[in-house]
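Enquirer:
Listed below in structure tokens is the structure:
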């Protein structure tokens, strides 16, 4: 599999940004190591361009007629290899050369099941979703159930204005599209991939537990009533060393405190004292002094392991390097151990593209609350990925929530790479 052409640019005028991106794409498509006949385009724009989404998609589609399918969305920030764009008008594009029978674009007017009569079976799926969609968590779980592996990756669109998604499919699989023109609002859209598209994906956490692991022993919907049979509010106040008699100090600490939840039977805190990839971080949204409960932004079940946590830049950096090292270990020769992969991931001298890594392209969806400043400087998060994987084609966006497997996450990053033979 050859490298996927990609390009990124920022400019106050969307047409100029498109021109810069198209120049990068065409220059790469002329090189032998890059794919020359792509059929799937991934497009991410910052919310500065949200009102021009239809014009941007129409322009790129007209300039790249060989690309029959498009998918993507809007973010408050977007990213590419070694760079991120926040608070400025920008767009990124990656063109994927995949067998036409191994992917399907889907949306609200063309659900994933539309390809069943054509012999297509979804193995995994890239999903973009609108956070305002009712029962979103249930829809994500249902979508995962439509794939043979149950594995989704992607995130929730994020925008200070119009929240848009791109979904244009070839082979007639967008029947019923009407006047939508490939730009949608609400619901879910994305690309389902067949078994012939090899992917490796990892979740990286951005929070660190600040209390021991506890187990939910009584709860009602999103209200935790007891933890290890002790009133949840009493335990929270004691372990954070705060008191409601000092409301200003207590509120400052509570605003910085989150809750890490996981499914019953799993572990919230690993033996190393960090969060595992199954943990879903949620906000504390209220306290119930009368019932001594703590309300969180998710439905809670009795038996769930949990721990109170806080965002931690050092832990986020270390876990991102861990996720990259695991991907590198899987793609490098068999004698590459995880410790060696971790060491190489931290070595910038080893960041040059390598055919052995067999990465055709990558998609990175990170939380809008992360980004370079959380990692030490502008684009620092993407620089870590580049140092670990090399200067491979990469596009992505900063989301209002991240999707991995059948879960919605927060304060995480989801890194997925397309793998194949060396070009």
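Residue numbers (UniProt numbering): 1 to 423.
All residues carry an ideal CB built from backbone N, CA and C; glycine is no exception.
Within 10 angstroms of its Cβ, does residue 31 collect 16 or more other Cβ (buried), or is it exposed?
Expert: Counting Cβ neighbours within 10 Å, residue 31 comes out exposed, since fewer than 16 surround it.
Enquirer: Here's the rule I'm using: 16 or more other beta-carbon atoms within 10 Å means buried, otherwise exposed. How should residue 244 be labelled?
Expert: Exposed, because fewer than 16 other Cβ atoms sit within 10 Å of the Cβ of residue 244.
Enquirer: Between the Cα of residue 405 and those of 77, 202, 47, 193, spot the shortest distance and give me the residue it belongs to.
Expert: Per the Cα distances, 202.
Enquirer: On the DSSP letters alone, give me the boundaries of the beta strand (DSSP E) that residue 25 sits inside.
Expert: First-last for residue 25: 14 to 29, but that is the alpha helix (DSSP H), not the beta strand (DSSP E).
Enquirer: Check whether the Cβ atoms of residue 70 and residue 91 lie closer than 8 angstroms to each other.
Expert: Not a contact, by the Cβ cut-off of 8 angstroms.
Enquirer: Between which residues of its own chain and residue 151 is the CB-CB distance below 6 angstroms, once the five residues before and five after are set aside?
Expert: Answer for residue 151: 124, 405, listed in chain order.
Enquirer: Let me know the secondary structure DSSP gives residue 322 once reduced to three states.
Expert: In the structure shown, residue 322 sits in a helix (DSSP, three-state: H, G or I).
Enquirer: Taking residue 199 and residue 414 to be in contact with their CB atoms under 8 angstroms, please state how far apart those CB atoms are, rounded to whole angstroms.
Expert: Not quite, the Cβ-Cβ distance comes to about 12 angstroms (not below 8 angstroms), so this is no contact.
Enquirer: Report yes or no: do three or more beta-carbon pairs, one from the segment 376 to 391 and one from the segment 134 to 149, lie closer than 8 angstroms?
Expert: Too few Cβ pairs lie closer than 8 angstroms, so no.
Enquirer: Please confirm whether residue 365 and residue 6 have their CB atoms less than 8 angstroms apart.
Expert: No, these two residues do not count as a Cβ contact at 8 angstroms.
Enquirer: Classify residue 285 as helix, strand or coil using the three-state DSSP reduction.
Expert: Correct three-state label for residue 285: strand.
Enquirer: Out of 228, 226, 256, point me to the one whose CA is closest to residue 240's CA.
Expert: Taking only the C-alpha atoms, the option nearest residue 240 is 256.
Enquirer: Can you find at least 3 beta carbon pairs, one from the segment 184 to 198 and one from the segment 260 to 273, that sit closer than 8 angstroms?
Expert: Flag = no, the segment 184 to 198 and the segment 260 to 273 do not touch.
Enquirer: Taking the alpha-carbon of residue 64 as reference, which of 156, 18, 87, 138 has the nearest alpha-carbon?
Expert: Out of 156, 18, 87, 138, 18 has the C-alpha closest to the C-alpha of residue 64.
Enquirer: So what does DSSP say about residue 69, is it helix, strand or coil?
Expert: If DSSP states are grouped into helix, strand and coil, residue 69 belongs with the strands.
Enquirer: Could you tell me which residues DSSP puts in a beta bridge with residue 184?
Expert: BP columns for residue 184 point to 165.
Enquirer: Starting from residue 209, trace the beta strand (DSSP E) in both directions and tell me its first and last residue.
Expert: Counting along the chain, the beta strand (DSSP E) containing residue 209 begins and ends at 207 to 209.
Enquirer: Whose C-beta lies closer than 8 angstroms to the C-beta of residue 242 among residues of the same chain, with five residues either side of it excluded?
Expert: Cβ within range, chain order: 249, 250, 253, 254.
Enquirer: Are the Cβ atoms of residue 379 and residue 82 separated by less than 8 angstroms?
Expert: Yes, they are a contact pair.
Enquirer: Using only CA atoms, which one of 216, 315, 278 lies nearest to residue 236?
Expert: Residue 216 is the option with its Cα nearest to residue 236.
Enquirer: Can you pull the DSSP bridge partners for residue 300?
Expert: BP columns for residue 300 are empty, so no partner.
Enquirer: Tell me which same chain residues have a C-beta within less than 7 angstroms of the C-beta of residue 420, skipping the five on either side of it?
Expert: Only 1, 198, 358, 360 meet the Cβ criterion.
Enquirer: Apply the 10 Å Cβ neighbour rule to residue 303 and answer buried if 16 or more other Cβ atoms are within range, or exposed otherwise.
Expert: Per the 10 Å Cβ criterion, exposed.
Enquirer: Report the option in 60, 21, 161 whose CA atom is closest to the CA atom of residue 87.
Expert: Cα-wise, what sits closest to residue 87 is 161.
Enquirer: Measure the beta-carbon distance from residue 132 to residue 167 and round it to whole angstroms, keeping in mind my assumption that it falls under 8 angstroms.
Expert: Actually they do not touch by this definition, with Cβ atoms about 17 angstroms apart.
Enquirer: Which runs of the alpha helix (DSSP H) at least 4 residues long sit entirely within the segment 204 to 250? Give them in chain order.
Expert: Here the runs fully enclosed are 232 to 239.
Enquirer: For residue 296 and residue 289, I'd like the C-alpha separation in whole angstroms.
Expert: Each residue's alpha carbon lies about 14 angstroms from the other.
Enquirer: Any idea if residue 182 is buried or exposed, counting beta-carbon neighbours within 10 angstroms, 16 or more meaning buried?
Expert: By the 10 Å Cβ count, residue 182 comes out buried.
Enquirer: DSSP state of residue 398, grouped into three classes?
Expert: It is a strand residue.
Enquirer: Does the separation of the CB atoms of residue 43 and residue 399 fall below 8 angstroms?
Expert: Not in contact: residue 43 and residue 399 (Cβ atoms no closer than 8 angstroms).
Enquirer: With DSSP as the reference, label residue 416 as helix, strand or coil.
Expert: The answer is strand: DSSP assigns residue 416 an E or B state.
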